[in-house]
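Protein chains in written order, with our numbering: chain A, 1 to 209; chain B, 1 to 209. The beta carbon of each residue, even a glycine, is placed where N, CA and C say it ideally should be. All values derive from a computational prediction rather than experimental measurement. Heads up: the structure comes next, in C-alpha cells.
Protein chains: 2
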Amino acid sequence: MTPTDKHTESKIFDAATEIFEEKGLAAARMQDIADRAKINKALLHYYFRSKEKLFMAVFDKLADKVFKKFSGIFEEDMPFEEKIRYFFKEHISFLQKNPRLPMFILAEISRNPRLLEKFLSKINISNIKTKISSDVSANLPEEAIPHLMVSIVSLSVFPIAAKPILKGILEQAGIEYNQFIKERMQVAPDFIISALKQYNVESKNNEKQ
Amino acid sequence: MTPTDKHTESKIFDAATEIFEEKGLAAARMQDIADRAKINKALLHYYFRSKEKLFMAVFDKLADKVFKKFSGIFEEDMPFEEKIRYFFKEHISFLQKNPRLPMFILAEISRNPRLLEKFLSKINISNIKTKISSDVSANLPEEAIPHLMVSIVSLSVFPIAAKPILKGILEQAGIEYNQFIKERMQVAPDFIISALKQYNVESKNNEKQ
DNA sequence: ATATGGTTTAACCGTTTGGTCAAATATAAG
DNA sequence: CTTATATTTGACCAAACGGTTAAACCATAT
Chain A
1 MTPTDKHTES KIFDAATEIF EEKGLAAARM QDIADRAKIN KALLHYYFRS
51 KEKLFMAVFD KLADKVFKKF SGIFEEDMPF EEKIRYFFKE HISFLQKNPR
101 LPMFILAEIS RNPRLLEKFL SKINISNIKT KISSDVSANL PEEAIPHLMV
151 SIVSLSVFPI AAKPILKGIL EQAGIEYNQF IKERMQVAPD FIISALKQYN
201 VESKNNEKQ
Chain B
1 MTPTDKHTES KIFDAATEIF EEKGLAAARM QDIADRAKIN KALLHYYFRS
51 KEKLFMAVFD KLADKVFKKF SGIFEEDMPF EEKIRYFFKE HISFLQKNPR
101 LPMFILAEIS RNPRLLEKFL SKINISNIKT KISSDVSANL PEEAIPHLMV
151 SIVSLSVFPI AAKPILKGIL EQAGIEYNQF IKERMQVAPD FIISALKQYN
201 VESKNNEKQ
C-alpha cells in the first residue's frame with residue numbers, strides 16, 4: 001500500500017463518519033459522502049465494498065471510542081467522590097467535543113438491534129460493576145449499584161444527547177446551553193454525592209432504631 | 001366492511017405512526033405503511049398529500065401526546081416530595097406504554113431542526129418553571145431550578161429512551177429490564193429527594209458560619 | 001521506455017422510491 | 001334507476017439510489 005492509499009481511505013472514513021453521525025444510516029447518501037471526501041463515488045465501493053460495510057466500519061470505530069472513554073475513567077485510583085467528579089468532567093467535555101455521538105449510537109442501535117451485539121461485545125460490564133462496587137460497597141447495598149450507575153449515565157449522557165431540544169428549551173428561558181452544560185460538570189456530581197450522603201444518613205438512622 | 005371498521009384515514013394514521021416510530025422518517029417506506037394499513041399505496045397520497053405531510057401529522061400528534069403528559073403532571077396540587085414521586089410513577093409508566101416515543105422525538109428533532117420549532121411551540125416552559133419554582137423556592141435558589149428540572153427529566157427519560165442498549169447491558173449482568181424499570185419508579189424519586197435534603201443540610205450549615 | 005499493478009474516474013445499470021392518473025367501485029342524492 | 005360525488009385501485013412514471021464496469025491514470029520496478 002502506498003501512502004496515498006491510507007490518505008484516501010481515511011478521507012472517505014472521516015467523511016462517512018460526519019455524514020452518518022449527522023443523518024443516520026438510512027438518510028445518509030453515498031454521493032454525499034463522496035462529495036464531502038472530494039472523491040468519486042466509485043471509490044467508496046473500491047475501499048469499502050458496500051454502504052453497509054462502510055457504515056459498520058464507522059459504527060465500530062465510534063462505539064469503540066465511546067467505550068474506551070467510558071470504561072477508562074473508572075480505572076483511575078482515587079476516592080469515590082473525586083472519581084464521580086472526574087467522571088463528569090471527563091465525560092461531559094468528551095461528549096461536548098462529540099455532541100452527535102451519543103444520539104447516533106442510541107438511535108442506530110434502537111433501529112437495528114444487531115448493532116447492539118457489536119456494541120455489547122466491547123463492554124465488560126461486570127468489570128466496571130466490580131470497580132464501582134469496591135468503591136461504594138461500604139456505603140451502598142449490592143442491589144443499588146446498577147441503579148446508581150444508570151443514574152450517573154443518565155445525568156451525564158441525556159443533556160448532551162438531547163442537545164437540540166434542550167438548547168431550544170433553555171434559550172426560551174434565557175439560558176445559554178454551553179454555559180448550562182459547563183455548570184452541569186459541577187452540579188451533576190454534587191447532586192449524586194448529596195444523594196449518596198443522604199442515603200448514608202438515612203441508613204444510619206435506621207440502624208439506630 | 002363492517003361499520004365497526006376504523007375509517008381509512010385513521011387506519012393510515014395508526015399504521016404510519018407505528019412505522020415512523022419503528023424506523024424513523026428516512027427509513028420508513030410508504031409501501032410499508034400502506035401494507036400495514038391494508039390499503040393501496042395511492043390512498044396514502046389521497047388522504048395525506050406527501051410522505052412529509054403524513055410524517056408531520058404523526059410527529060405533531062406524538063409531540064402533543066408527550067407534551068400533555070409532561071406538563072399535566074405538575075398541575076396537580078400536592079406537596080413537592082409527593083409530586084416528584086407522582087411524576088416518576090406517571091411518567092415512567094406512560095413511557096413504558098410508549099417505549100419508542102422518546103427516542104423517536106429526540107432522534108427526529110436532532111436530524112431535522114425544523115421539527116424543534118413545532119415541538120417548542122407547544123411548550124410554555126416558563127409556566128412549568130414557575131410552578132416548580134413556587135414549590136421549592138423556599139429550599140432552592142432560583143438558578144438551581146433548571147438544573148433540577150433537567151436532572152429529573154434525564155433520570156426519567158434516559159432509561160426508557162436507551163431501552164435496547166440498557167436492556168442488553170442489564171441482561172449481561174443478570175438483571176431483568178422490566179423489573180429494573182419498575183424499581184426505578186421508587187429509586188429515582190428517592191435519589192432526587194435525598195439530594196435535595198442533603199442540599200438543605202449543607203446550605204443550613206453554611207448559614208451558620 | 002515500458003510493463004506492471006494499484007488507484008481513480010465517467011458513464012452506466014437495475015432497482016427502489018415517492019408520487020401520479022385514469023379507470024373502477026362504492027355511496028348517496030334526486 | 002340515474003346521476004353526482006367520494007373513495008379505492010392497478011398501472012405507471014421520473015428521479016434517486018446503491019452499485020458496477022471498462023477505461024484512464026499514475027507511481028514504481030525492471
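| Asked | Found |
| --- | --- |
| When you compare the CB positions of B/L116 and A/I165, do they come within less than 9 Å of one another, or not? | yes |
| Helix, strand or coil: which one does DSSP assign to B/H7? | coil |
| How many Å lie between A/D64 and A/I160 at the Cα? | 19 Å |
| Could you tell me the distance, in whole angstroms, from the CA atom of A/K39 to the CA atom of A/A27? | As written in the sequence, residue 39 of chain A is Ile, which differs from the Lys given in the question. Rounded to whole angstroms, A/I39 to A/A27 spans 20 Å at the Cα level. |
| What's the call for B/R114, buried or exposed, on a 16-neighbour Cβ count within 10 Å? | exposed |
| Cα separation between B/K163 and A/I123? | 17 Å |
| Give the straight-line distance between the Cα atoms of A/M1 and A/F48, rounded to the nearest whole angstrom. | Per-residue confidence for A/M1 stands at a pLDDT of 40, beneath the threshold of 50, marking its modelled position as unreliable; the derived number appears in the next sentence. Straight-line Cα distance between these residues: approximately 16 Å. |
| Quick check on DSSP: helix, strand or coil for B/L140? | coil |
| For A/A188, I'd like the list of residues in its chain whose CB is within less than 6 Å of its CB, leaving aside the five on either flank, ordered along the chain. | F88 and L155 |
| Which whole runs of the alpha helix (DSSP H) in the segment 149-202 of chain A are 4 residues long or more, in chain order? | 163-172 |
| Relative to chain A, which residues along the segment 25-42 of chain B have a C-beta separation below 7 Å, given in chain order? | A26 and A27 |
| Give a yes or no on whether the C-beta atoms belonging to A/I73 and A/H91 are separated by under 9 Å. | yes |
| B/L116 touches chain A at which residues, Cβ-Cβ below 7 Å? | P164, I165 and G168 |
| Between the alpha carbons of A/F119 and A/A57, how many angstroms are there, rounded? | 12 Å |
| Counting only C-beta atoms, is A/R100 closer than 9 Å to chain B at any point? | yes |
| State the DSSP-derived secondary structure class of B/K65, mapped to helix, strand or coil. | helix |
| Measuring straight from C-alpha to C-alpha, what distance separates A/I109 and B/R29? | 19 Å |
| Measuring CB to CB, does B/A37 end up less than 9 Å from B/K11? | yes |
| Can you tell which of A/E82, A/E18 and A/K197 has the C-alpha that lies nearest to the C-alpha of A/N98? | A/E18 |
| Got a sec, what are the start and stop residues for the alpha helix (DSSP H) B/D32 sits in? | M30 to A37 |
| Is B/P79 helix, strand or coil when you go by DSSP? | coil |
| Any idea what DSSP makes of A/I105, helix, strand or coil? | helix |
| Please report the straight-line C-alpha distance between A/D77 and A/K51, rounded to a whole angstrom. | 43 Å |
| Distance check for A/F20 and A/A42, CA to CA, integer angstroms please. | 18 Å |
| Starting from B/I48, trace the alpha helix (DSSP H) in both directions and tell me its first and last residue. | Correcting the residue identity first, residue 48 of chain B is Phe in this sequence and not Ile. No alpha helix (DSSP H) contains B/F48, which DSSP labels as neither H nor E. |
| Does the beta-carbon of A/G24 have 16 or more other beta-carbons within 10 angstroms, so that it is buried, or is it exposed? | buried |
| Starting from the C-beta of A/Q172, find all residues in its chain whose C-beta is less than 8 Å away, skip the five residues before and the five after it, and write them out in chain order. | none |
| Residue range of the alpha helix (DSSP H) that A/R114 falls in? | R114 to L120 |
| With a 10 Å radius around its C-beta and 16 neighbouring C-beta atoms as the bar for buried, classify B/P146 as buried or exposed. | buried |
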